[in-house]
Amino acid sequence: MTTASQSAVAPAKAEATRATIDPIFRQIRDLVYKTSGIYQQEEKLYLLVDSSGRRIKKLSLRSTREYWELLSAQGTREHEMRQLLNEVTIGETCLFRSLPQLDALRKVILPEIVQEKTKQITKQLRIWSAGCSTGEESYTLAMNMMEESERLLKGWTIEVLATDLNDRSVETAKAGIYGDYALRYTTDYYKAKYFTSLDEKKMQVRPEVKNLITFSRLNLQEDSKMLFMKGMDLIFCCNVLIYFDAPSKSRVINHFFSNLNFGGYFFLGTSESLIKLNDKFHLVHFPGAIGYWKLSLKSGKL
Amino acid sequence: MTSTLETKIAERVSRIEATPAIPAVFLPLLEMLNAPPDQVKLDKVVQLVSYDNTIAAQCLRVASSPLFGMTKSPESIKGAVISLGLRRVETILLTCCLSQAFPARNWIIDPAVFWRHSLGCAMVCRKFAEKLKGADGDEAYMAGLLHDIGFLVNCLSFPEEFSKAMELAHQSGIPFDEAEREAMGFTHEDTGAALARQWNLGGRLVDVIAHHHAPERSKSAPPLVALVHLCDLLCRARGLGYGYYENRRVDLANNPAWEILLQEHRELEGVDLVRFTFELDEAVGEIGELVATIFGASAAAKA
Chain A
11 MTTASQSAVA PAKAEATRAT IDPIFRQIRD LVYKTSGIYQ QEEKLYLLVD SSGRRIKKLS
71 LRSTREYWEL LSAQGTREHE MRQLLNEVTI GETCLFRSLP QLDALRKVIL PEIVQEKTKQ
131 ITKQLRIWSA GCSTGEESYT LAMNMMEESE RLLKGWTIEV LATDLNDRSV ETAKAGIYGD
191 YALRYTTDYY KAKYFTSLDE KKMQVRPEVK NLITFSRLNL QEDSKMLFMK GMDLIFCCNV
251 LIYFDAPSKS RVINHFFSNL NFGGYFFLGT SESLIKLNDK FHLVHFPGAI GYWKLSLKSG
311 KL
Chain B
7 MTSTLETKIA ERVSRIEATP AIPAVFLPLL EMLNAPPDQV KLDKVVQLVS YDNTIAAQCL
67 RVASSPLFGM TKSPESIKGA VISLGLRRVE TILLTCCLSQ AFPARNWIID PAVFWRHSLG
127 CAMVCRKFAE KLKGADGDEA YMAGLLHDIG FLVNCLSFPE EFSKAMELAH QSGIPFDEAE
187 REAMGFTHED TGAALARQWN LGGRLVDVIA HHHAPERSKS APPLVALVHL CDLLCRARGL
247 GYGYYENRRV DLANNPAWEI LLQEHRELEG VDLVRFTFEL DEAVGEIGEL VATIFGASAA
307 AKA
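Top line first, the protein sequences correspond to chains A and B. For the first sequence, the working numbering assigns the number 11 to the initial residue and increments by one for each residue that follows. For the second sequence, the working numbering assigns the number 7 to the initial residue and increments by one for each residue that follows.
In structure tokens form, the structure reads like this:
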């Protein structure tokens, strides 16, 4: 576990890009933020330059200006924005993707939830990884909770629900087999404790971790199914809503809100924002992480 | 705070004046900062900047940082003063002077950590003020830069008590002012305010230093104190804190300070806090560099 200060960026790179980047990429950055809520920071603007570059090449465009027109013109913008977002979020999924989020979870939120539920007879923690893709986030959460089951969560039942729209992703997730790249932030401690080596390059998650997780296919836009996902303490939904238009996004978030217990939290991806789509959640800051809080009943005001 | 405690703090703080480390530029500068902007003369500022070689060189380096909006380095001090504007130069000068007034000796807090927090808060205060109609960005910068000046007083005048507070904060992850109150019986707000009064800082700045953890107590500048309070919290949540993990959730929009600021600036409702946070993150690297520029490579290495 590390602290938020690790998220500080390498200044040298920022210096190099600031002067050389075509200002049009800041326009693209703002458009991406407005439509998806994904914010590409100045230091990572070169990633947006690369992503756009790949699209420009694929589409055989002559200039960035032409690409900008494609992105902003009616008729082409929706399709192209989707393609660009696919490029932008490529390689985002890996285990232990956001340490500040995990720190917030273990150091601030869990003690709070344990306190909150102190009088309940069944001690149960329910976490939902919504849009779990190939399972990286779900396993990360499960392993971290297992660590706490020796301490804070002693005697608790831990349940992680992991859902995705894509059947193939769900199958891959169930297998729990990952290579070096997905495991690049996973420490040796976790590898030794929760994985078995399949060959030199691949590792598989151990059955005891898998046992905590239920993987299934779910469409977040299917209202009738969403109604059944009640009683969550935490919901993680990383880089999924970015593809939704504002009304659908707002509907899904409303579902998340009612699916959460009072005092529960909702987390997005680290560079993702709700852009004020919901005023029921409280936007809260933890060191290095932003979350959305469903006010606790005990805090007195609703 | 009891009156005996107040006397004790004032007595210890009065000894700080004798510290030879305060550069000759510092006190005249503070005087100038208190004067209305239209009474500040260009030549006087250039003279102050040029007075001390080290400070002049530091100023030129800082002035060329992208954080101050310069695209190329100014070549002369007068050039820097003209292109940056008087208020901007005053803030840069103040930043440089502070580093000399409190050289990194016998510090209980890591100087790099302290300066990153103070400078970071100064920058964030200015950025935030720019989003609010009629707010003075340079005043906000100074307020942010000086708000924790009591930390330095504590290092100099109450080293033992302050060490204990520091230890408690690191161990328990509670907010620093709470740790001070528990370990010392007073906080950096109290000691900072005593120094600010001794330096004859303006009432608004004294209020910021004295009440930035409880802006509702401010009498002369509630919106400014509230602004610093919120920016301070935000900095501590984004890697520009006191160098330890604060175990808590911060809800800025439901903080009393938000309400105080909102009364004065309705446009606060339209501020996208998440995007503002992401923009703050962008400046973290540059603030680290700026700390290195002003305070030397050793501070940067620690940061």
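Virtual Cβ for every residue (Gly too), placed ideally from N, Cα, C.
Residue i versus residue j: straight-line alpha-carbon distance, rounded
| i | j | result |
| --- | --- | --- |
| A:Ser46 | A:Leu94 | 11 Å |
| B:Leu279 | A:Asp190 | 36 Å |
| A:Leu135 | A:Val219 | 15 Å |
| A:Ile252 | B:Thr60 | 51 Å |
| B:Ala227 | B:Glu285 | 27 Å |
| A:Glu210 | A:Gly186 | 16 Å |
| B:Leu35 | B:Glu145 | 14 Å |
| A:Asp60 | A:Leu71 | 14 Å |
| B:Val212 | B:Arg223 | 12 Å |
| A:Lys129 | A:Lys304 | 20 Å |
| B:Glu37 | B:Asn261 | 34 Å |
| A:Glu146 | A:Val294 | 25 Å |
| B:Leu239 | A:Arg39 | 27 Å |
| B:Ala63 | B:Leu54 | 13 Å |
| B:Ala27 | B:Val297 | Confidence at B:Ala27 is low in this model, with a pLDDT of 47, below 50, so its placement is unreliable and the value that follows should be read with caution. Distance between the alpha carbons of B:Ala27 and B:Val297: 19 Å. |
| B:Arg21 | B:Lys225 | 28 Å |
Under 8 Å between C-beta atoms of residue i and residue j
| i | j | result |
| --- | --- | --- |
| A:Gln50 | B:Asp287 | no |
| B:Pro229 | B:Glu270 | yes |
| B:Ile293 | B:Val68 | no |
| B:Val277 | B:Lys133 | no |
| A:Tyr302 | A:Phe276 | yes |
| A:Leu230 | A:Val262 | yes |
| B:Cys103 | B:Phe32 | yes |
| A:Val124 | B:Arg255 | no |
| B:Glu186 | B:His194 | yes |
| B:Met129 | B:Ala289 | yes |
| B:Glu252 | B:Gly179 | yes |
| A:Leu105 | A:Tyr188 | yes |
| B:Val159 | B:Gly249 | no |
| A:Phe254 | A:Phe291 | no |
| A:Met153 | A:Ile168 | no |
| B:Cys241 | B:His123 | yes |
| B:Arg86 | B:Cys65 | The displayed chain sequence assigns Ala, not Arg, to residue 86 of chain B. Yes. Within cutoff. |
| A:Arg227 | A:Thr150 | no |
| A:Thr103 | A:Ser143 | yes |
| B:Ala141 | B:Ala149 | no |
| A:Leu7 | A:Pro121 | The first residue shown for chain A is 11 and the last is 312, placing residue 7 of chain A beyond what the model contains. |
| B:Ala216 | B:Ile266 | no |
| B:Ala92 | B:Leu162 | Here the sequence assigns Leu to residue 92 of chain B, which means Ala is not the residue at that position. Cβ distance not < 8 Å, so B:Leu92 and B:Leu162 don't count as in contact. |
| A:Gly141 | A:Val215 | no |
Per-residue contacts from residue i into chain B (C-beta, under 9 Å)
| i | result |
| --- | --- |
| A:Glu158 | In chain order: nothing, as chain B lies at least about 15 Å away. |
| A:Phe277 | What A:Phe277 touches in chain B: nothing, since even the nearest Cβ is about 12 Å away. |
| A:Gln51 | Phe284, Glu285, Asp287 and Glu288 |
| A:Ile38 | Correct list: empty, because the minimum Cβ distance to chain B is about 16 Å. |
| A:Tyr195 | Here the premise fails: no neighbours, minimum Cβ distance about 18 Å. |
| A:Tyr56 | Ordered by position in chain B, no residue passes the 9 Å Cβ test against A:Tyr56, which lies about 13 Å from the chain. |
Closer than 8 Å at the beta carbon, the chain B residues around residue i
| i | result |
| --- | --- |
| A:Lys259 | The premise fails here: A:Lys259 is roughly 14 Å from chain B at the closest Cβ pair, so nothing lies under 8 Å. |
| A:His89 | Ordered by position in chain B, no residue passes the 8 Å Cβ test against A:His89, which lies about 26 Å from the chain. |
| A:Lys286 | Asp278 |
| A:Ser283 | Asp278, Val280, Arg281 and Phe284 |
Limits of the unbroken alpha helix (DSSP H) element including residue i
| i | result |
| --- | --- |
| A:Asp174 | A:Asp174 -> not in any alpha helix (DSSP H); beta strand (DSSP E) instead, spanning Thr167 to Asp174. |
| B:Ser56 | Leu48 to Tyr57 |
| A:Ser61 | Leu55 to Lys68 |
| A:Phe106 | Premise fails: A:Phe106 is in no alpha helix (DSSP H) and is neither H nor E. |
| A:Met236 | Asp233 to Met236 |
| B:Gly126 | Pro117 to Glu136 |
Residue-chain proximity (residue i, chain D), Cβ-Cβ < 8 Å
| i | result |
| --- | --- |
| A:Val98 | Looking at the structure shown, chain D is missing, and the protein chains on hand are A and B. |
N- and C-terminal bounds of the beta strand (DSSP E) containing residue i
| i | result |
| --- | --- |
| A:Leu293 | His292 to Phe296 |
| A:Phe276 | Leu270 to Phe277 |
| A:Tyr43 | Run containing A:Tyr43: none in the beta strand (DSSP E); it sits in the alpha helix (DSSP H), Ile34 to Ser46. |
| B:Ile15 | No beta strand (DSSP E) holds B:Ile15; the alpha helix (DSSP H) holding it covers Ser9 to Ser20. |
| A:Phe246 | Met242 to Phe246 |
| B:Gly209 | Unbroken run through B:Gly209 is the alpha helix (DSSP H), Gly209 to His217; no beta strand (DSSP E). |
| A:Trp303 | Ala299 to Trp303 |
Contacts that residue i makes with chain A (C-beta to C-beta distance below 8 Å)
| i | result |
| --- | --- |
| B:Ala243 | Ala14, His295, Phe296, Pro297 and Gly298 |
| B:Leu240 | His295 |
| B:Ala259 | His292 and Leu293 |
Partners in chain A for residue i, counting only beta-carbon separations shorter than 7 Å
| i | result |
| --- | --- |
| B:Val130 | Residues of chain A passing the Cβ test: none, with the nearest at roughly 13 Å. |
| B:Arg254 | Val118 |
For a minimum of 4 consecutive residues, which ranges assigned as the alpha helix (DSSP H) are wholly contained in the segment 142-204 of chain B?
143-152, 155-163, 165-178, 182-190 and 194-204
Can you list, in chain order, the stretches of the alpha helix (DSSP H) that have 4 or more residues and sit fully within the segment 180-228 of chain A?
198-204 and 217-220
Please go through the segment 71-143 of chain A and give each complete beta strand (DSSP E) segment of 3 or more residues, from N-terminal end onward.
134-140
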